[in-house]
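Colleague:
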Amino acid sequence: VPLFANADMIIVQDDTTPDLAATIARIRSAGCEVGVGVNPERPLEPLLPLLAQIDLLLLLAVAPGFGGQAFNSVVLEKARTLAAHRAEIGLDFAIGVDGGINAATIGAAAAAGVDPRVMGLGPVNATRKALQRAGLTIDDIDLAELNEAFAVQALAVLRELELNEEITNVNGGAIALGHPLGCSGARILTTLIHEMHRRADAGESMRYGLATLCVGVGQGEATVIELVR
Numbered sequence: 534v535p536l537f538a539n540a541d542m543i544i545v546q547d548d549t550t551p552d553l554a555a556t557i558a559r560i561r562s563a564g565c566e567v568g569v570g571v572n573p574e575r576p577l578e579p580l581l582p583l584l585a586q587i588d589l590l591l592l593l594a595v596a597p598g599f600g601g602q603a604f605n606s607v608v609l610e611k612a613r614t615l616a617a618h619r620a621e622i623g624l625d626f627a628i629g630v631d632g633g634i635n636a637a638t639i640g641a642a643a644a645a646g647v648d649p650r651v652m653g654l655g656p657v658n659a660t661r662k663a664l665q666r667a668g669l670t671i672d673d674i675d676l677a678e679l680n681e682a683f684a685v686q687a688l689a690v691l692r693e694l695e696l697n698e699e700i701t702n703v704n705g706g707a708i709a710l711g712h713p714l715g716c717s718g719a720r721i722l723t724t725l726i727h728e729m730h731r732r733a734d735a736g737e738s739m740r741y742g743l744a745t746l747c748v749g750v751g752q753g754e755a756t757v758i759e760l761v762r
């Protein structure tokens, strides 16, 4: 319990925690959020009564080979079980037409390079290529996330793309939130998808999102996503 004082979230595993319900209650009483890792080889049904108290659910990979089943089939089986109970536990994902768990689909992606002396402008060319591949224009973008390597870099991309600052980095960029070394792409894409779903839930029209990265030596990357509802 003393360790809980400095933690925002405690993650436990369902098959190594003897009394999971009591453990979850104990963690919450210490003021921490609760995450539970689920062994895909175990039935999910016993967890369902506890899901409303869980902040993060992880479908874990186990060895060897999920008892002969493919990873996708095991995880999707659990996902379908969760989806059937989404109303009572407030789940926020969709089972896509291909059977996958879809929050959004990638419409197009592109990489580009510029003179290293203007390295921060790499996302501009990458975005133009991605939009062309998707058959879109910058005006079709409903929400955007730039990695914001530094302030002037983001401002230059906004200016060159004529991207509306009112729909860009709406929760703050790396200057406000931090620049997670090695996983900026995952961070901005996740932020973008969740914010688009949040706004769509509030009644805003949300379809296309843009995520961009500038990379060292003049590289740039851009991804256009389409929201799945």
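Just so we're on the same page, the working numbering is the position in the sequence shown counted from 1, plus 533. By construction, the Cβ of each residue, glycine as well, lies at the ideal position given by its N, Cα and C atoms.
1) Taking a contact to mean a Cβ-Cβ separation below 9 Å, would you say V571 touches D588 in this structure?
2) Alpha helix (DSSP H) containing G718: first to last residue?
3) Taking the C-alpha atoms as reference points, what is the distance between L714 and V545?
4) Which whole-angstrom value is the C-beta distance of T745 and V690, which I expect to be below 8 Å?
5) So within the region 634 to 664, which uninterrupted beta strand (DSSP E) runs reach at least 3 residues, ignoring any that extend past its ends?
6) Just to confirm the assignment, what range does the alpha helix (DSSP H) spanning T701 have?
7) Would you mind working out which of L760, G749, A540, T550 sits nearest G653, comparing C-alpha positions?
8) Along the chain, where does the alpha helix (DSSP H) that runs through T556 open and close?
9) On the DSSP bridge assignment, give the partners of T756 in chain order.
10) Drop a sphere of 10 angstroms on the beta-carbon of P656, count the other beta-carbons inside from all chains shown, and report buried for 16 or more, exposed for fewer.
11) Which term fits M739, buried or exposed, when burial requires 16 or more other beta carbons within 10 angstroms of its beta carbon?
12) Could you check if I560 is buried or exposed, using at least 16 other CB atoms within 10 Å of its CB as the buried criterion?
13) Which residues share a DSSP beta bridge with M542?
14) Among all the DSSP beta bridges, which residues are the ones paired with L710?
15) Look at the alpha carbon of D673 and the alpha carbon of M542, and state the distance between them as a whole number of angstroms.
16) Roughly how far, in whole angstroms, is the beta-carbon of E681 from the beta-carbon of I708, given that I think they are within contact range, below 8 Å?
17) V569 to P576, Cα distance in whole Å?
18) Under a Cβ-count criterion, where at least 16 other Cβ atoms within 10 Å of its own Cβ denotes burial, should E678 be classed as buried or exposed?
19) If you compare alpha carbons, which of L590, T556, C747, R650 is closest to C716?
20) My understanding is that G640 touches V757, with C-beta atoms under 8 Å, so please give their C-beta distance in whole angstroms.
21) Is A603 helix, strand or coil when you go by DSSP?
22) Between G706 and A687, how many whole angstroms is the CB-CB distance? I'm expecting something under 8 Å.
23) Once the 5 residues before and after R666 are set aside, which same chain residues still bring their CB inside 7 Å of it?
24) Alpha carbons only, please: which of A563, G668, T670, L760 is nearest the one belonging to E737?
Modeller: If we stick to the structure as given:
1) no
2) 717 to 734
3) When the Cα atoms are used, L714 and V545 turn out to be separated by approximately 26 Å.
4) 7 Å
5) 637 to 646
6) Element bounds for T701: n/a, residue is neither H nor E.
7) G749
8) 553 to 562
9) A642, A744
10) buried
11) Under this definition M739 is a buried residue.
12) buried
13) E566
14) Beta-bridge pairing links L710 to no other residue.
15) 38 Å
16) 6 Å
17) 14 Å
18) buried
19) C747
20) 4 Å
21) Low confidence applies to A603: its pLDDT is 49, below 50, so where it sits in the model is not reliable enough to give any reading.
22) 6 Å
23) A641, A643
24) Nearest of A563, G668, T670, L760 to E737, Cα basis: L760.
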